[in-house]
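Here you go:
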């Protein structure tokens, strides 16, 4: 199979820099998601890897071999497109067979009519038919082999596109937002199926998406891209708990992380709305605190945030409470267990706190910076946890 | 009490609901009223004249003569037995058979080449589209000068080739001795010359249609083809471009066929159906018989035959081909 390396990839269209020096190593058999808002360059990076576009500078290596300048057909990759890009005039079986006929049959054997009677053509075609059927059975579309793509539902087309990709047993799969044209239920279903496929085939998967939930649920590692730069590469857990950049923190997680604008005085004490928070910046001055909705705990005193309940969203399993908090421009979101149902009402005043270990600090440049409890003796357990975080961060 | 009131109330209410017309019916009637003027115009302008022509084709009517006789199928029998009418059909079919494939494939080729250009796309589009925009009658005069047997630029240019290795081509060598063809004045060349002018005139139009068709081919398909191992342009054309242009091709072929069947202006301006009726195409025959010679009945019969040809093409397009090229 294949490892993939990007070395300082740059891409410009005229004066616009789409990729500004991206370096990334993908391990063999890994499921790596490239995630970011639309226009961040993730699809361009994937198309450069595929060979459909060429980089302005930098190099791409697949399985240790540089592939720059190599034709897409010679890179031993398969790609699933957002639009599926099925050949509308060919049946499902013919669609899946294209990668095989193009490689296994000579151009003379591919000719209509004459090609079928040339020596060797018949046995090769029979072998291709068997392989196509196996791939179709694996994806549960064997009963659709005679249909045209126009007669299939979105989910079925998606499977055909996957079938066309995996029939050739490529060293890596590139998937460009493959689920974005499906309805919500189908998307969740295909999410599990694609992740399973990765485990079963053991091939490297590079998955491009703008949906952080897809990236979180399927990937071994996630690379977050914004404005042509890689902000952070790490496991879903690392990205969620220890975002290295304010933008990563805001992009990953739903509902989004709460961002509290704060000031740090000369002694390192962090103030929210001119009130000391009991937190201290142990590194550079902190300008923003990030707290996940589930990290907040209601409390009676010593709160980090106080606010009035503006809206309650009851999801059954959880309760999302939105507060208007003093000194915070956006409503603060808190996730409470379903047991809190009925105990919180709109216009109630809520006091919230969080353990320092679950609070992310960001400096003026938006980079992660360590935060610790102000009173070290107050809570030893917090402190220990914080040290761990600080080392990690 | 209140129950009783609602009971007594509900009966007349239901009757009142049942009485008015259903909205579908009302809408249908409004629709009829709204499309009636269009229907009347359609009948008056399109159906009635064709019906009249069909009726006239069974008579010996001529304009200005008071009497009119029913002659049955005699006009049609004349068409299928008379030698000049056989020539008419041969000339028309040959013209169509020459112009359609050539202008369709030249149009496609030009469109593909123009699409592959990075600069100068609009220049070539304009150049190739010029003959379409120009009045063919005006251009016919230019062609007449260019093809003049002795003074025309074509034969003068060809004559410059005499004495060069071009004479290895036996036709060329013979022409150097016997003189170059009269083109429009030679019955062996006239129809081909007209067909050449027809191709020159119509392929720009086909090119524009193909350019429009090419923009609707999704780019992802070419990406998918590259990933699937398609490397050469020819394979890419066979796998994607040609099938995806199917609907465009059907349309282009039909339109070009109908337009070639209708060729008239170059014939009228350059050859008048001659020499020896070698360019006696159908529309020209209709004009000559029905209008110039005032044989309205005969002209009508040729018109009906012409309509049948065109109808046949349209029906064939709709029935057999279009179903195969629309994949969705």
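Chains as they are written, first to last, in the working numbering: chain C, 10 to 402; chain H, 6 to 333.
Cβ atoms here follow ideal geometry from the backbone N, Cα and C, with glycine treated the same way.
Bear in mind the structure is a predicted one, so any value in this text is a computation, not a measurement.
Closer than 8 Å to chain H by CB, residue i
i, result
"residue 293 of chain C", "no"
"residue 212 of chain C", "no"
"residue 128 of chain C", "no"
"residue 136 of chain C", "no"
"residue 407 of chain C", "Outside the shown range of chain C, which is 10 to 402, sits residue 407 of chain C, and nothing can be said about it."
"residue 391 of chain C", "Its pLDDT being 45, under 50, residue 391 of chain C is placed unreliably in this model, and the coordinates cannot settle the point."
"residue 216 of chain C", "no"
"residue 371 of chain C", "no"
"residue 401 of chain C", "Reliability of the predicted coordinates at residue 401 of chain C is poor, the pLDDT of 45 falling under 50, and the value obtained from them is presented with this limitation in mind. Chain H, which has no Cβ nearer than 8 Å to the Cβ of residue 401 of chain C, makes this no."
"residue 111 of chain C", "yes"
"residue 151 of chain C", "no"
DSSP beta-bridge partners of residue i
i, result
"residue 2 of chain H", "Because chain H in this structure spans residues 6 to 333, residue 2 of chain H falls outside the shown range and cannot be described."
"residue 85 of chain H", "DSSP, once it has assigned bridges, lists no residue as partnering residue 85 of chain H."
"residue 216 of chain C", "C:42 and C:184"
"residue 317 of chain C", "C:333 and C:358"
"residue 118 of chain C", "Note: residue 118 of chain C sits in no beta bridge, so no partner."
"residue 382 of chain C", "C:288"
"residue 297 of chain C", "C:270 and C:371"
"residue 243 of chain C", "C:231"
"residue 75 of chain H", "H:64"
"residue 342 of chain C", "C:331"
"residue 21 of chain C", "C:26"
Integer-rounded CB distance, given that residue j should sit under 8 Å from residue i
i, j, result
"residue 107 of chain C", "residue 170 of chain C", "The pair is not a contact, with the Cβ atoms about 12 Å apart (cut-off 8 Å)."
"residue 183 of chain H", "residue 280 of chain H", "Going by Cβ atoms, the distance from residue 183 of chain H to residue 280 of chain H rounds to 17 Å, so no, they are not a contact pair."
"residue 27 of chain C", "residue 50 of chain C", "5 Å"
"residue 175 of chain C", "residue 222 of chain C", "Their Cβ separation, rounded to whole angstroms, is 24 Å, which puts residue 175 of chain C and residue 222 of chain C out of contact at 8 Å."
"residue 111 of chain H", "residue 271 of chain H", "Between residue 271 of chain H and residue 111 of chain H the Cβ distance is about 18 Å, and since that is not below 8 Å, they are no contact."
"residue 44 of chain C", "residue 224 of chain C", "4 Å"
"residue 140 of chain C", "residue 109 of chain C", "6 Å"
"residue 234 of chain H", "residue 111 of chain C", "4 Å"
"residue 216 of chain C", "residue 58 of chain C", "Their Cβ separation, rounded to whole angstroms, is 12 Å, which puts residue 216 of chain C and residue 58 of chain C out of contact at 8 Å."
"residue 222 of chain H", "residue 100 of chain H", "The Cβ separation is near 32 Å, so there is no contact."
"residue 172 of chain H", "residue 164 of chain H", "About 12 Å; that fails the 8 Å criterion."
"residue 214 of chain H", "residue 257 of chain H", "5 Å"
"residue 46 of chain C", "residue 219 of chain C", "6 Å"
Best match in the options for proximity to residue i [C-alpha to C-alpha]
i, options, result
"residue 209 of chain C", "C:28, C:21 and C:39", "C:39"
"residue 217 of chain H", "H:267, H:117 and H:149", "H:117"
"residue 207 of chain H", "H:104, H:73 and H:96", "H:104"
"residue 186 of chain H", "H:106, H:152, H:166 and H:167", "H:152"
"residue 259 of chain H", "H:196, H:288, H:317 and H:46", "H:317"
"residue 147 of chain C", "C:87, C:383, C:202 and C:241", "C:202"
"residue 69 of chain H", "H:113, H:299 and H:180", "H:299"
"residue 232 of chain H", "C:80, C:13, C:239 and C:187", "C:80"
"residue 2 of chain C", "C:137, C:349, C:55 and C:25", "Only positions 10 to 402 of chain C appear in this structure, which leaves residue 2 of chain C out of reach."
"residue 372 of chain C", "C:301, C:351 and C:271", "C:271"
"residue 133 of chain H", "H:215, H:230, H:209 and H:34", "H:209"
"residue 313 of chain C", "C:324, C:60 and C:300", "C:300"
CB of residue i within 8 Å of CB of residue j, strictly
i, j, result
"residue 337 of chain C", "residue 269 of chain C", "yes"
"residue 120 of chain H", "residue 219 of chain H", "yes"
"residue 295 of chain C", "residue 279 of chain C", "yes"
"residue 306 of chain H", "residue 62 of chain H", "yes"
"residue 98 of chain C", "residue 252 of chain H", "no"
"residue 282 of chain C", "residue 362 of chain C", "no"
"residue 114 of chain C", "residue 92 of chain C", "no"
"residue 156 of chain H", "residue 276 of chain H", "no"
"residue 254 of chain C", "residue 377 of chain C", "yes"
"residue 154 of chain C", "residue 101 of chain C", "yes"
"residue 316 of chain C", "residue 335 of chain C", "yes"
"residue 290 of chain H", "residue 196 of chain H", "no"
"residue 238 of chain C", "residue 20 of chain C", "no"
"residue 76 of chain H", "residue 65 of chain H", "yes"
"residue 142 of chain C", "residue 151 of chain C", "yes"
"residue 252 of chain C", "residue 228 of chain C", "no"
CB contact check: residue i to chain C, cutoff 8 Å
i, result
"residue 200 of chain H", "no"
"residue 244 of chain H", "yes"
"residue 226 of chain H", "yes"
"residue 272 of chain H", "no"
"residue 191 of chain H", "no"
"residue 234 of chain H", "yes"
"residue 223 of chain H", "yes"
"residue 14 of chain H", "A caution first: residue 14 of chain H carries a pLDDT of 49, below 50, which makes its placement in the model unreliable, though a value can still be read off. Not one chain C Cβ lies under 8 Å of residue 14 of chain H."
"residue 7 of chain H", "Low per-residue confidence applies at residue 7 of chain H: pLDDT is 47, beneath 50, and the placement is therefore not dependable, though the value from the model is reported in the following sentence. By this cut-off, residue 7 of chain H is not an interface position."
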